[in-house]
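*Asks:* Oh and the sequence shown: position 168 is 161 in the numbering used here, straight run, nothing missing.
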Amino acid sequence: MRTHGMWSRCLLLCLLGFGLAAAPSPAAPAPAAEPATAEQTRETLDAFLREQIEALGIPGAAVAVVKDGKQVHSAAFGRADDSGRPMTVRTPVLLASTSKSLTAIAVMQQVEAGRLRLDEPVQTYLPWFTLDDSRSASITVRHLLHQASGMASRDTAFEASLEQGPEALEESVRALADAPLARNPGETFHYANANYNILGLLVQTVAGQPFGQYLGDNVFRPLDMANSHPTRAGNAAAGYSRWFGSSWRQTDVPAPSSGMPSSTLYSSAEDLGHELIALLDGGRYGTAQVLRRGSVETMFEPRVQVEGSKEYAMGRYTRPLVESAGPGSAVPETALPRLLEHQGEWGNSHTYLGMVPSSGLGVALVINANDAAAPSRLKAIDTNVLRILHGQEPVPAVIHEDWLQRYSWAVALALLLAELLSLWLGARYLLRQRTARFPVAYVVAALALDAFVLWLCLDYAPARFDTHLLVVIRQFPDVGLFLVPALALAIVWPVPRTLLLLKLSRPVAAGRGPAKRYPSQATPSESPSSPER
């Protein structure tokens, strides 16, 4: 028995050893993916932009990337206009709000020259400047630069103007005398293009030359921005709007010269790259020093909180660069690099400027189109470009706009059809001149429809988009196509319709006046008497 137990144990040990020997060894950890080379990153970026242009139908786009004082990549895709002219990195595009970064440079140049002081009231330089509020006397140059003047976009919108003359800028600022003040100056962030239009007029006043000419002489020329212009130039790209949420159409959206300092400058991706190089290198571009290093540092310093960790710093939003961290990363925001950025949104163009001072990286993106109903689609391109440049994978776009903004053209069409139906029913009744029954239900329903259209157009929509109704119509051309006639019917038709219906709907009172009788209806007693004989 003992011998048998010993052999059993030997056999068991042999089998166990064989099993361990035959068992697969644990898999070695996969080697970490090597970081992409600069060339691979550029190829990935271009492939992504081509994919977005094809998927969204974007007419044209151009991008420039700068790093450590030089341009390291540029590319252009698509067309500049309906003639098929190709988009290039030198094609100017309407900048919209990225114009503000150039105006901030001009302002700081005048601060360096001693002609402007950041904490001096605007009235020191423009004694006539005022709003319809005594608090406007305390608005300073710094308040304007940091969007903290207390002005609101809705009350100070200029985009409805069609003026293109040299006097338009001053006239638009003088027109603010009737505008209210929404906040105390310096109290909080409240975005308004008027802040930068006033800054442009300040530069124009203290420098003694038109703002556009000043930019050309002191910003565009030293930065070698040969394809940048204060107004539309012959080689500028045409703008496109997305109509009815489905198709891109070349569309002329007004770009008044009164908004030059805030919104209506033109520049190319390559030229904007020159601006980024200068700002990331302490104000120097080549041999030109457009600003002192201390002035650039002042420009980059945020002074007002927008929301959460997002702040505003003289023409740029600043926030943690979350795009540099992978999805689900546990890196705290305080450990992330700081990004300075601004997007430009017009009815027919989209632009983006981003800078990471700690790494010397900058990117400029221009698109000669905009989807005003869902601009988050194009904004997602901006953030995905940042992800790609920081070695991360792009993520799908998330549409943030509510249904009313996305389908505002359909709402406007429904209102127009309802007004046309109301017009047809009212005209049909009036033409028949029916007097037997008073159509109270129709009149009440028609007046309710008119009141709703007026409320939506004159109150809700301007408040929803924080601007004037005319601006909504011009920035959303497909909406304006239906909204303008609907609003016209709601204003012009209700009063005459109601008065005519009231007049024609009054029933004839019973027994009112003698009834007209005809000979054939006369009674025997009322027969005509025989002639006298």
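Glycine is no exception: its CB is placed at the ideal position from the N, C-alpha and C atoms.
(1) Within 10 angstroms of the Cβ of Trp121, are there 16 or more other Cβ atoms? Answer buried if so, exposed if not.
(2) When you compare only the Cα positions, how much space is there between Arg242 and Tyr233?
(3) Looking at the unbroken beta strand (DSSP E) that takes in Phe70, where does it start and where does it end?
(4) According to DSSP, is Gln385 part of a helix, a strand, or is it coil?
(5) Have a look at Arg72 and Leu492 and give me their C-alpha separation to the nearest angstrom.
(6) What first and last residue would you give for the alpha helix (DSSP H) that runs through His267?
(7) Rounded to a whole number of angstroms, what is the C-alpha to C-alpha distance between Leu397 and Trp236?
(8) Tell me whether the beta-carbon of His383 lies closer than 9 Å to the beta-carbon of Ser317.
(9) Can you name, in chain order, every residue of its own chain whose Cβ lies under 6 Å from the Cβ of Met218, other than the five neighbours on each side?
(10) Compute the Euclidean distance between the alpha carbons of Phe445 and Ala479, then round it to the nearest angstrom.
(11) DSSP beta-bridge partners for Met307?
(12) Is it buried or exposed, Gly252, if we count other Cβ atoms within 10 angstroms and call 16 or more buried?
(13) Going by C-alpha to C-alpha distance, which of Ile46, Phe293 and Val82 sits closest to Arg527?
(14) I need the DSSP call for Tyr259, collapsed to helix, strand or coil.
(15) Mark Arg286 as exposed unless 16 or more other C-beta atoms lie within 10 angstroms of its C-beta, in which case mark it buried.
(16) Sorted by chain position, which residues of the same chain lie with C-beta nearer than 7 Å to Gln282's C-beta, five sequence neighbours on each side aside?
(17) What's the gap between the Cα of Ser76 and the Cα of Glu47?
(18) I'd like to confirm the pairing. Which residues does DSSP put opposite Trp339 in its beta bridges?
(19) Please determine, among Gly347, Pro368, Asp364 and Val433, the residue with the shortest C-alpha to C-alpha distance to Leu358.
(20) How is the alpha helix (DSSP H) around Gly355 delimited, first residue to last?
(21) Would you decide whether Val349 is buried or exposed? Buried here means 16 or more other CB atoms lie within 10 Å of its CB.
(22) Does the beta-carbon of Met363 have 16 or more other beta-carbons within 10 angstroms, so that it is buried, or is it exposed?
(23) Given Gln140, which residues of its chain have a CB within under 6 Å of its CB, disregarding the five upstream and five downstream residues?
(24) Starting from Trp236, trace the beta strand (DSSP E) both ways and give me its first and last residue.
(25) According to the Cβ coordinates, are Ala403 and Cys450 closer than 9 Å?
(26) On a CA-only basis, which of Trp448, Pro85, Arg296 and Gly143 is nearest Arg225? Give me that one, please.
(27) Along the chain, where does the alpha helix (DSSP H) that runs through Ala444 open and close?
(28) Buried or exposed for Ala89, going by 16 or more other Cβ atoms inside 10 Å?
(29) Going by the CB atoms, is the gap between Ser255 and Asn190 shorter than 9 Å?
(30) Exposed or buried, what is Ile392 when buried is set at 16 or more other beta-carbons lying within 10 Å of its beta-carbon?
(31) Decide if Leu351 is buried, meaning its Cβ has at least 16 other Cβ atoms within 10 Å, or exposed.
*Replies:* This is what the structure holds:
(1) Indexing the sequence shown from 1 puts residue 121 at position 128. Exposed, since its Cβ has fewer than 16 Cβ neighbours within 10 Å.
(2) Along the sequence shown, read from residue 1 onward, the residue named residue 242 stands at position 249. Along the sequence shown, read from residue 1 onward, the residue named residue 233 stands at position 240. Straight-line Cα distance between these residues: approximately 5 Å.
(3) Sequence index remark: in the sequence shown, residue 70 carries index 77 (1-based). Where Phe70 is concerned, the enclosing beta strand (DSSP E) stretches over Lys63 to Gly71.
(4) Here residue 385 refers to the residue found at position 392 when the sequence shown is read from its first residue. Of the three classes helix, strand and coil, the one that applies to Gln385 here is coil, per DSSP.
(5) The count along the sequence shown starts at 1 and reaches residue 72 at position 79. The count along the sequence shown starts at 1 and reaches residue 492 at position 499. Roughly 55 Å separates the two Cα atoms.
(6) The residue given as residue 267 occupies position 274 in the sequence shown. Ala262 to Leu273 is the span of the alpha helix (DSSP H), which, as asked, contains His267.
(7) For this step, residue 397 is matched to residue 404 along the sequence shown. For this step, residue 236 is matched to residue 243 along the sequence shown. Using only the alpha carbons, I get a separation of about 15 Å.
(8) Position 390 of the sequence shown, counting from 1, holds the residue named residue 383. Position 324 of the sequence shown, counting from 1, holds the residue named residue 317. Going by C-beta atoms, His383 is nearer than 9 Å to Ser317.
(9) For the purposes of this step, residue 218 is taken as residue 225 along the sequence shown, with counting starting at 1. Cβ neighbours of Met218 beyond the five flanking positions: Asp264 and His267.
(10) Indexing the sequence shown from 1 puts residue 445 at position 452. Indexing the sequence shown from 1 puts residue 479 at position 486. Roughly 11 Å separates the two Cα atoms.
(11) For this step, residue 307 is matched to residue 314 along the sequence shown. Answer is none; Met307 lacks a bridge partner.
(12) For the purposes of this step, residue 252 is taken as the residue at position 259 of the sequence shown. When all chains shown are included, Gly252 counts as buried.
(13) For residue 527 there is no data in the structure shown, the boundaries of the chain being -6 and 526.
(14) Reading the sequence shown from its first residue, position 266 is the one you call residue 259. Correct three-state label for Tyr259: strand.
(15) Taking the sequence shown and counting its residues from 1, the one referred to as residue 286 is at position 293. It is exposed - the Cβ of Arg286 has fewer than 16 other Cβ atoms within 10 Å.
(16) Counting from 1 along the sequence shown, the entry for residue 282 is found at position 289. Contacts found: Gly276.
(17) Against the sequence shown, residue 76 aligns to sequence position 83. Against the sequence shown, residue 47 aligns to sequence position 54. One C-alpha to the other measures close to 19 Å.
(18) Your numbering for residue 339 matches position 346 in the sequence shown. DSSP output for Trp339 lists Ser342 as bridge partner(s).
(19) Indexing the sequence shown from 1 puts residue 358 at position 365. Checked all of Gly347, Pro368, Asp364 and Val433; the closest Cα to Leu358 is Gly347.
(20) The residue given as residue 355 occupies position 362 in the sequence shown. That residue, Gly355, is in no alpha helix (DSSP H); its beta strand (DSSP E) goes Leu354 to Ile360.
(21) By one-based count along the sequence shown, residue 349 stands at place 356. Per the 10 Å Cβ criterion, buried.
(22) The residue given as residue 363 occupies position 370 in the sequence shown. The sequence shown places Asn at residue 363, rather than the Met named in the question. Buried: at least 16 other Cβ atoms inside 10 Å.
(23) Looking up residue 140 in the sequence shown gives position 147. Here the set comprises Phe182, Tyr184, Asn188 and Tyr305.
(24) As a working mapping, residue 236 is identified with position 243 in the sequence shown. That run of the beta strand (DSSP E) goes Tyr233 to Trp236.
(25) Here the question's residue 403 lines up with position 410 in the sequence shown. Here the question's residue 450 lines up with position 457 in the sequence shown. Against a cut-off of 9 Å, the Cβ pair of Cys450 and Ala403 comes out as no contact.
(26) Here residue 225 refers to the residue found at position 232 when the sequence shown is read from its first residue. The option with the nearest alpha carbon to Arg225 is Pro85.
(27) In the sequence shown, the residue the question calls residue 444 occupies position 451. First-last of the alpha helix (DSSP H) with Ala444: Val433 to Trp448.
(28) Along the sequence shown, one-based indexing puts residue 89 at 96. Classification for Ala89: buried.
(29) Locating residue 190 in the sequence shown gives position 197, counting from the first residue. Locating residue 255 in the sequence shown gives position 262, counting from the first residue. The answer is yes: Cβ separation under 9 Å.
(30) Along the sequence shown, read from residue 1 onward, the residue named residue 392 stands at position 399. Looking at its Cβ environment, which holds fewer than 16 other Cβ atoms inside 10 Å, Ile392 is exposed.
(31) Residue 351 sits at position 358 when you count from the first residue of the sequence shown. With the sequence shown as reference, residue 351 is identified as Ser, and Leu is not the correct amino acid for it. It is exposed - the Cβ of Ser351 has fewer than 16 other Cβ atoms within 10 Å.
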